[in-house]
């Protein structure tokens, strides 16, 4: 698609949102475009960064993510401490979190993309991610339907560090923990490896600023997974295949409200749409290339995409909603998600290598 018609379409949709939905949703659409442009322009892949560390001992992607987390925490935690109308990305420590994060870390390597990675690569026109996107949404919906049963296996109340300790101690503890991870990564990769790469640095700065703007406008941190599950739930309900009144997750007052109104009113959905548009914009300048896949690779990748969606709901988010937004806003569940997902990645990169993706 040419840039001029695409720009015209994006501008027209922005005006439509301002006129027919709300100025806030139009602003969040613009923020989403920024997310997509930053992710695709910098090729800022959470999945790729972890895989490069494991397979190549290249720390630049992980250091970019640590920079992103640190900057976002510096911006978000003081805001959360001073404005009670802003909410952190809290999730309950639970069995579902442990299982979901581990499985997500495994399957994201096979599917070559987490939640945001699947979105921006689909926007870039990568065939596997384009097909995985609806399967991710379907998996996320199935995970939400069974969420209540998973929580019965064991769950604690969510813990927010800003609320429990105050802004200063929560921020200090977060930055120290990130620094410790950075030191451990540096010791593991050994000397001689460059720690920072330009694209990871500017991508981290851009995403941290955009995430802060998103927090202020939306009143909640950046998320991806909820929008996917909502789209699939709306589709299942429209087809008469699903009654939300009989499900613990979707009968919750907030979720029932979102099911009954336009997806354009959902803050996660609108930034997801913007993210796709932003990545599509980048694709007009930097087309993505991918090698053809065998039938076996397609099959394994698509199954991984569905399971990734399912596990993301069990884990209360993906690399964005659980790890990035969780850690940067002081949620303990984000710190549980991180090591469990990395353990899954250690297996996932081997499965990926086994099938020559």
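Numbering (the working numbering), first residue to last: 953 to 1309. From the three backbone atoms N, C-alpha and C, an ideal C-beta is built for every residue, glycine too.
Could you spell out where the alpha helix (DSSP H) holding residue i opens and where it closes?
{"i": "residue 1007", "result": "998-1008"}
{"i": "residue 1221", "result": "1219-1235"}
{"i": "residue 1070", "result": "1067-1076"}
{"i": "residue 1278", "result": "1277-1280"}
{"i": "residue 1297", "result": "1284-1306"}
{"i": "residue 956", "result": "955-968"}
{"i": "residue 1081", "result": "1079-1097"}
{"i": "residue 1029", "result": "1012-1034"}
{"i": "residue 1199", "result": "That residue, residue 1199, is in no alpha helix (DSSP H); it is neither H nor E in DSSP."}
{"i": "residue 1264", "result": "1247-1266"}
{"i": "residue 1176", "result": "Careful: residue 1176 lies outside any alpha helix (DSSP H) and carries neither H nor E."}
{"i": "residue 1150", "result": "1150-1170"}
{"i": "residue 1146", "result": "Premise fails: residue 1146 is in no alpha helix (DSSP H) and is neither H nor E."}
{"i": "residue 1209", "result": "1205-1212"}
{"i": "residue 976", "result": "975-994"}
{"i": "residue 1048", "result": "1047-1063"}
{"i": "residue 971", "result": "Neither: residue 971 is in no alpha helix (DSSP H) and is coded neither H nor E."}
{"i": "residue 1114", "result": "1113-1117"}
Does the beta-carbon of residue i have 16 or more other beta-carbons within 10 angstroms, so that it is buried, or is it exposed?
{"i": "residue 972", "result": "exposed"}
{"i": "residue 1034", "result": "exposed"}
{"i": "residue 968", "result": "exposed"}
{"i": "residue 1225", "result": "buried"}
{"i": "residue 1292", "result": "buried"}
{"i": "residue 1296", "result": "buried"}
{"i": "residue 1304", "result": "buried"}
{"i": "residue 955", "result": "exposed"}
{"i": "residue 992", "result": "buried"}
{"i": "residue 1052", "result": "buried"}
{"i": "residue 905", "result": "The question about residue 905 has no answer, for the chain in this structure spans 953 to 1309."}
{"i": "residue 1190", "result": "exposed"}
{"i": "residue 1078", "result": "buried"}
{"i": "residue 1209", "result": "exposed"}
{"i": "residue 1235", "result": "buried"}
{"i": "residue 1282", "result": "buried"}
{"i": "residue 1193", "result": "exposed"}
{"i": "residue 1143", "result": "exposed"}
{"i": "residue 1372", "result": "Residue coverage of the chain in this structure runs from 953 to 1309, which leaves residue 1372 outside it and unanswerable."}
{"i": "residue 1099", "result": "buried"}
{"i": "residue 957", "result": "exposed"}
{"i": "residue 1128", "result": "exposed"}
{"i": "residue 1286", "result": "buried"}
{"i": "residue 1277", "result": "buried"}
{"i": "residue 1139", "result": "exposed"}
{"i": "residue 1220", "result": "buried"}
Between residue i and residue j, how many whole angstroms is the CB-CB distance? I'm expecting something under 8 Å.
{"i": "residue 1325", "j": "residue 1245", "result": "Here the chain comprises residues numbered 953 to 1309, so residue 1325 is not present and cannot be evaluated."}
{"i": "residue 1149", "j": "residue 1048", "result": "So it is not a contact: roughly 35 Å between Cβ atoms."}
{"i": "residue 1182", "j": "residue 1204", "result": "Not really, about 12 Å apart at Cβ, beyond 8 Å."}
{"i": "residue 1185", "j": "residue 1093", "result": "5 Å"}
{"i": "residue 1137", "j": "residue 1014", "result": "6 Å"}
{"i": "residue 964", "j": "residue 970", "result": "Contact doesn't hold; Cβ gap of about 11 Å is too wide."}
{"i": "residue 1114", "j": "residue 1032", "result": "5 Å"}
{"i": "residue 1211", "j": "residue 1095", "result": "No, residue 1211 and residue 1095 are not in contact; Cβ-Cβ is about 16 Å, not under 8 Å."}
{"i": "residue 1153", "j": "residue 1016", "result": "6 Å"}
{"i": "residue 1089", "j": "residue 1180", "result": "4 Å"}
{"i": "residue 1274", "j": "residue 1167", "result": "Contact doesn't hold; Cβ gap of about 16 Å is too wide."}
Measure from the alpha carbon of residue i to the alpha carbon of each residue in the options, then state which is nearest.
{"i": "residue 1272", "options": "1004, 1098, 1024", "result": "1024"}
{"i": "residue 1083", "options": "1277, 1307, 1261", "result": "1261"}
{"i": "residue 1308", "options": "1132, 1028, 1247", "result": "1247"}
{"i": "residue 1229", "options": "1052, 1004, 986", "result": "986"}
{"i": "residue 1231", "options": "979, 1136, 1202, 983", "result": "983"}
{"i": "residue 1058", "options": "1140, 1196, 1263", "result": "1263"}
{"i": "residue 1298", "options": "961, 1032, 1237, 1004", "result": "1004"}
{"i": "residue 1200", "options": "1104, 1191, 1137, 1050", "result": "1104"}
{"i": "residue 989", "options": "1287, 1151, 1110", "result": "1151"}
{"i": "residue 1249", "options": "1306, 1147, 1163", "result": "1306"}
{"i": "residue 1288", "options": "1163, 1202, 1110", "result": "1110"}
{"i": "residue 1001", "options": "1075, 1147, 1107", "result": "1147"}
{"i": "residue 962", "options": "1131, 1222, 1196", "result": "1222"}
{"i": "residue 1279", "options": "1163, 1188, 1251", "result": "1163"}
{"i": "residue 1045", "options": "1277, 1276, 1100, 1268", "result": "1268"}
{"i": "residue 1097", "options": "1202, 1075, 1124, 1285", "result": "1202"}
{"i": "residue 1259", "options": "974, 1276, 1086, 960", "result": "1086"}
{"i": "residue 1165", "options": "1102, 960, 976, 966", "result": "976"}
{"i": "residue 974", "options": "1126, 1075, 1216", "result": "1216"}
Between residue i and the ligand GDP, is there a pair consisting of the residue's CB and a ligand heavy atom that are separated by less than 7 Å?
{"i": "residue 1203", "result": "By its list of ligands, the structure shown contains no ligand whatsoever, and the ligand GDP lies outside what it can speak to."}
Check whether chain B comes within 8 Å of residue i, counting only Cβ atoms and requiring the distance to be less than that.
{"i": "residue 1210", "result": "Reference to chain B is not applicable here, since this structure consists of a single protein chain."}
- Are the stretch 1240-1255 and the stretch 1060-1074 touching, with three or more C-beta to C-beta distances below 8 Å? By the criterion of at least three beta-carbon pairs nearer than 8 Å, the stretch 1240-1255 is in contact with the stretch 1060-1074.
- Query: Would the stretch 999-1017 and the stretch 1168-1179 be scored as touching if the rule is three or more Cβ pairs under 8 Å?
  - Reply: no
- At a cut of 8 Å, does the stretch 1037-1055 reach the stretch 1165-1173 through at least three beta carbon pairs? yes
- Query: Counting Cβ pairs closer than 8 Å, one from the stretch 1064-1079 and one from the stretch 1113-1120, do we hit at least three?
  - Reply: Fewer than three Cβ pairs drawn from the stretch 1064-1079 and the stretch 1113-1120 lie within less than 8 Å of each other, which leaves the two stretches out of contact.
- Between the stretch 993-1006 and the stretch 1153-1164, do at least 3 Cβ pairs fall closer than 8 Å? yes
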